[in-house]
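With this note's numbering as the guide, the letters of the sequence shown map in order to residues 55 to 176.
Glycine is no exception: its CB is placed at the ideal position from the N, C-alpha and C atoms.
Bear in mind that the values here come from a model prediction, so they are computed numbers and not experimental data.
As structure tokens, the structure follows; a few thoughts come after it.
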Amino acid sequence: MIWINHAAPGTYVRPHRHPHTFELLLPLRGRFVVLNFDDRGTVTHRAILGETCTVLEMAAGTWHAVLSLDTGGIIFEVKHGGYQPVAADDYAHWAPAEGEPGTTELMAWYAQAQVGDSTFAV
């Protein structure tokens, strides 16, 4: 599946995974923080697409979240197969769902979180 997303600063992406496919991310415009996590929510990898990283491939099942740093950001995604919505079990239980309290604070944490930082507590 090829997908192009427009993401403005303040767009919340709840940490999630795609157990059935890899995911390849390529910034077309702007910069994006991409965080990978272990099962408990500890940051295992941090990249800034469009700045220190030009393309990022994540293995199937990798917990991740994306934060747009720039107005007008556009990110190109490639995944295996057709569109499959993220199943409830594939959203991180330690992060708020869209519209729940804590999303603004979590996005602020994304912006500064480094490898080894522990789960954000809402």
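Residues sharing a beta bridge with residue i, DSSP
i: F91; result: V97 and W117
i: M112; result: E77
i: E131; result: W57 and L79
Close Cβ partners of residue i (< 7 Å) along its chain, the five nearest in sequence each way excluded
i: T116; result: R71 and N90
i: P73; result: A114, G115 and D144
Residue i (DSSP reduced to helix, strand or coil)
i: L123; result: coil
Contacts around residue i, its chain only, beta-carbon distance under 6 Å, and the 5 residues preceding and following it disregarded
i: V140; result: H70
i: V169; result: V97 and R100
i: G95; result: W148 and T173
Check whether residue i and residue j have beta carbons under 7 Å apart
i: M55; j: G127; result: no
Buried or exposed (CB count within 10 angstroms, at least 16 for buried), residue i
i: V109; result: exposed
i: L82; result: exposed
Proximity test, residue i beta-carbon vs the ligand FAD heavy atom, cut-off 6 Å
i: P63; result: As far as ligands go, the structure on display features none, and thus does not contain the ligand FAD.
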